[in-house]
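In what follows, a structure is listed as structure tokens, so that the remarks can point back to it.
Following this line, the structure appears as structure tokens:
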């Protein structure tokens, strides 16, 4: 499938087949997510992958009745890492590991520190949505289905998953093999989105 | 290229060749953007495509010295539509046009109105980042390069482009054919992003 075909075929899947995705498929999706671009390449996200049925049952209580939270194969909980010092430190380590030039590394760090007051939780959450979008499109490209969700209780999720305070649940992505026939694609027209 | 290859080859392009992208390529990218998923499928974005050199020169003044704002073929200005009543109305019209069932349409609308107080400008901005991510990955899939940017003065952009108050510039995406050799891919490890 080319990219436009993937976009056309992707849909928010609400009925999953009772089949588990093989680990290799999940790993491919993690690799997709890992390669997501972000502002200053700071990657301020953490993802919890929930496969355990008991944990999914617990999370379901905080999911506004969305059945696919427990009927999916795996539930990905996309979180923002709001500890910006840690975010910058980790990104710096990644630059060193990848062998980026010292000049380029220092340039990136100097920008990050110069705008640090703007790198708040809203900023981190925005970046997480790039990763979420990449995951749902990537899942279809990899041959399976997904459902992104923002309707859930982040506090309940934090409690069930034992997340530290600086890790903020932002969005969910249920993945698996879909059962339902997708509904017609509903989009604004080109004229409506262009200014 | 498969999806992972696209992600591996995509990079933030800072040097564009002095060649214009053909209109058909730009139109393909608009179609990619148009198909972006969003929460409740509300698509709270508007995009201004700037091709005119004089306008790019004006915008460059508010772009923190980023040369690729004027050296690119086209500059896409991704904006959030913060007029939520208009957003819901447009999404409703799109559902009617696409022939969605009355039950499903009413279901979507009832959720949108129930959570309307949460659909603020932060929410709209978050959705725009899904579209931005889709655009930069889509551009590479379509055979050209891009550079997403959030470092610019939104007020200056609004003034130059004559945007109404409810249309908030959120991010830029310069597109064209890239000249530079991409730097090594720098990413956190799988272990660092998983919780």
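Protein chains in written order, with the numbering used here: chain A, 8 to 202; chain B, 8 to 202.
Heads up, the beta-carbon is just placed ideally off N, CA and C, and yes, glycines get one too.
Closer than 8 Å to chain A by CB, residue i
i, result
"residue 200 (chain B)", "yes"
"residue 215 (chain B)", "What is shown of chain B runs 8 to 202, which leaves residue 215 (chain B) out entirely."
"residue 166 (chain B)", "no"
"residue 81 (chain B)", "no"
"residue 143 (chain B)", "yes"
"residue 136 (chain B)", "yes"
"residue 188 (chain B)", "no"
"residue 161 (chain B)", "no"
"residue 157 (chain B)", "yes"
"residue 123 (chain B)", "no"
"residue 1 (chain B)", "Because chain B is modelled from 8 through 202, residue 1 (chain B) falls outside the range shown and cannot be assessed."
DSSP-derived helix/strand/coil call for residue i
i, result
"residue 183 (chain A)", "strand"
"residue 161 (chain B)", "helix"
"residue 152 (chain B)", "strand"
"residue 88 (chain B)", "strand"
"residue 173 (chain A)", "coil"
"residue 28 (chain B)", "coil"
"residue 83 (chain A)", "strand"
"residue 201 (chain A)", "strand"
"residue 188 (chain B)", "coil"
"residue 105 (chain A)", "coil"
Status (buried if at least 16 other CB within 10 Å, exposed otherwise) for residue i
i, result
"residue 61 (chain B)", "exposed"
"residue 9 (chain A)", "exposed"
"residue 68 (chain A)", "exposed"
"residue 113 (chain B)", "exposed"
"residue 35 (chain A)", "buried"
"residue 194 (chain B)", "buried"
"residue 71 (chain A)", "exposed"
"residue 29 (chain B)", "exposed"
"residue 196 (chain A)", "exposed"
"residue 123 (chain B)", "exposed"
"residue 185 (chain B)", "buried"
"residue 120 (chain A)", "exposed"
"residue 189 (chain A)", "exposed"
"residue 105 (chain B)", "exposed"
"residue 140 (chain A)", "buried"
Endpoints, the beta strand (DSSP E) within which residue i is located
i, result
"residue 55 (chain B)", "52-57"
Unbroken alpha helix (DSSP H) run spanning residue i, endpoints
i, result
"residue 117 (chain A)", "109-121"
"residue 62 (chain B)", "60-67"
"residue 10 (chain B)", "10-16"
"residue 76 (chain B)", "75-78"
Residue-level contact to chain B via CB, residue i, 8 Å cutoff
i, result
"residue 133 (chain A)", "yes"
"residue 10 (chain A)", "yes"
"residue 225 (chain A)", "Absent from the model: residue 225 (chain A). The displayed extent of chain A is 8 to 202, so no value can be given."
"residue 43 (chain A)", "yes"
"residue 139 (chain A)", "yes"
"residue 48 (chain A)", "yes"
"residue 105 (chain A)", "yes"
"residue 39 (chain A)", "yes"
"residue 129 (chain A)", "yes"
"residue 102 (chain A)", "yes"
"residue 193 (chain A)", "yes"
"residue 148 (chain A)", "yes"
"residue 95 (chain A)", "no"
"residue 197 (chain A)", "yes"
With a threshold of 8 Å, are at least 3 pairs of Cβ atoms found where one atom belongs to the stretch 143-150 of chain B and the other to the stretch 122-135 of chain B?
no
Flag this pair as touching only if the stretch 72-89 of chain A and the stretch 16-30 of chain A have three or more C-beta atom pairs under 8 Å; answer yes or no. yes
- Task: Take every Cβ of the stretch 133-147 of chain B, pair it with every Cβ of the stretch 94-109 of chain B, and state whether three or more of those distances are shorter than 8 Å.
- Result: no
Is the stretch 159-173 of chain B touching the stretch 40-49 of chain B in the sense that three or more CB pairs, one from each, lie closer than 8 Å? no
Check your understanding: Does the stretch 81-97 of chain B come close enough to the stretch 173-189 of chain B to have 3 or more Cβ pairs within less than 8 Å?
Key -> yes
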